[in-house]
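Read top to bottom, the protein sequences are chains V and X. Residue numbers for the first sequence follow our numbering, beginning at 3 and rising by one. Residue numbers for the second sequence follow our numbering, beginning at 3 and rising by one. Heads up, the beta-carbon is just placed ideally off N, CA and C, and yes, glycines get one too. As the structure is a prediction and not an experimental result, all values here were calculated from the model. To start, the structure under review is shown below, and the notes come after it.
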Amino acid sequence: SQTIHQWPATLVQPVGSPLSLECTVEGTSNPNLYWYRQAAGRGLQLLFYSVGIGQISSEVPQNLSASRPQDRQFILSSKKLLLSDSGFYLCACQDPNQETQYFGPGTRLLVL
Amino acid sequence: KNQVEQSPQSLIILEGKNCTLQCNYTVSPFSNLRWYKQDTGRGPVSLTIMTFSENTKSNGRYTATLDADTKQSSLHITASQLSDSASYICVVSRGPGGGFKTIFGAGTRLFVKA
């Protein structure tokens, strides 16, 4: 079965600082990978989607970027964080032949 | 417009009682509908997945129903336990596969009290 690792679990960063969140996946090959953001009390918002190495699709214009340097590694980055970037960031993985997405434990980001 | 709406927004029940959560969607073309459970501060965990031809699926004390004609789904929780306190998210996918074609509901926050 698939296992998704995210780190760090919690992060407090000042406004204007850079960001790098990492997600790695075990137990599958060539998965679809996703980054979601969840604001407090709100639904999940899809940020980025990747079907393979170096292939990134962005759903909404924003201050963030994503990269997939390896098959099972997905990175979320920012050059300068904004207060509005605070939230709960979830990485998800999906076998292309299956319908269910599996989620990582999430990273809680607080920008002050 | 492709939307997924869940009700109620939040719900408080006593331990041992049953409850039903609702999900209405306007996503088209429909591929599948999933219910996830998300504990506070954790990632969502899949409970059930149903395709167009399925109208009910169970996972322990959780039973999901789907009416593809009226575009409604429900999640019934039987004999609730304190550990059922969580957010329950309805997710609908368009066409084959998921990805950007997946639409998430805002969730129902369930509180089970002793």
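Pair within 8 Å by beta-carbon distance, residue i and residue j
i                      : j                      : result
residue 106 of chain X : residue 46 of chain V  : yes
residue 110 of chain V : residue 62 of chain X  : no
residue 77 of chain X  : residue 37 of chain X  : yes
residue 57 of chain X  : residue 101 of chain V : no
residue 45 of chain X  : residue 43 of chain V  : no
residue 34 of chain V  : residue 96 of chain V  : yes
residue 25 of chain V  : residue 6 of chain V   : yes
residue 92 of chain X  : residue 6 of chain X   : yes
residue 84 of chain V  : residue 113 of chain V : yes
For residue j and residue i, believed in contact at Cβ under 8 Å, the rounded distance
i                     : j                     : result
residue 55 of chain X : residue 66 of chain X : About 14 Å separates the two Cβ atoms, so there is no contact after all.
residue 40 of chain V : residue 92 of chain V : 6 Å
residue 27 of chain X : residue 73 of chain X : 5 Å
residue 29 of chain V : residue 4 of chain V  : 4 Å
residue 74 of chain V : residue 57 of chain V : With 8 Å as the limit, residue 74 of chain V and residue 57 of chain V do not qualify as a contact, their Cβ atoms being about 14 Å apart.
Cα-Cα separation between residue i and residue j, rounded to whole angstroms
i                     : j                      : result
residue 10 of chain V : residue 20 of chain X  : 37 Å
residue 89 of chain X : residue 69 of chain X  : 22 Å
residue 53 of chain V : residue 52 of chain X  : 24 Å
residue 27 of chain V : residue 82 of chain V  : 27 Å
residue 9 of chain X  : residue 110 of chain X : 6 Å
residue 17 of chain V : residue 89 of chain V  : 14 Å
residue 20 of chain V : residue 114 of chain X : 40 Å
residue 68 of chain V : residue 116 of chain X : 44 Å
residue 80 of chain X : residue 17 of chain X  : 10 Å
residue 94 of chain X : residue 31 of chain X  : 10 Å
residue 86 of chain V : residue 79 of chain V  : 15 Å
residue 76 of chain V : residue 50 of chain X  : 26 Å
residue 64 of chain X : residue 47 of chain X  : 13 Å
residue 96 of chain X : residue 36 of chain V  : 16 Å
residue 22 of chain X : residue 82 of chain X  : 11 Å
residue 22 of chain V : residue 104 of chain X : 25 Å
residue 38 of chain V : residue 94 of chain V  : 8 Å
residue 3 of chain X  : residue 112 of chain X : 28 Å
Where residue i falls: helix, strand or coil (DSSP)
i                      : result
residue 48 of chain V  : strand
residue 60 of chain X  : strand
residue 59 of chain V  : strand
residue 115 of chain X : strand
residue 69 of chain X  : strand
residue 103 of chain X : helix
residue 84 of chain X  : helix
residue 33 of chain X  : strand
residue 69 of chain V  : strand
residue 88 of chain V  : coil
residue 54 of chain X  : coil
residue 4 of chain X   : coil
residue 1 of chain V   : Nothing about residue 1 of chain V can be reported from this structure: the residues present for chain V run from 3 to 114 only.
Check: residue i C-beta below 7 Å from any heavy atom of the ligand ATP
i                     : result
residue 81 of chain X : Ligands in the displayed structure: none, and consequently the ligand ATP is not present.
Amino acids of chain V, ordered along the chain, whose beta-carbon sits closer than 9 Å to that of residue i
i                     : result
residue 76 of chain X : Going along chain V, no residue has its Cβ under 9 Å from residue 76 of chain X, so there is no contact; the nearest lies around 18 Å.
Chain-ordered chain X contacts of residue i [CB-CB under 7 Å]
i                      : result
residue 102 of chain V : 36, 48, 51
residue 92 of chain V  : 45
Beta-carbon neighbours of residue i, restricted to chain X and to distances below 9 Å
i                      : result
residue 110 of chain V : 43
Partner residues on chain V for residue i, Cβ-Cβ distance less than 8 Å
i                     : result
residue 55 of chain X : The premise fails here: residue 55 of chain X is roughly 14 Å from chain V at the closest Cβ pair, so nothing lies under 8 Å.
Chain X residues whose Cβ lies nearer than 8 Å to that of residue i
i                      : result
residue 107 of chain V : 44, 45
residue 44 of chain V  : 108
Cross-chain neighbours of residue i in chain V, by beta carbon under 7 Å
i                     : result
residue 95 of chain X : 101
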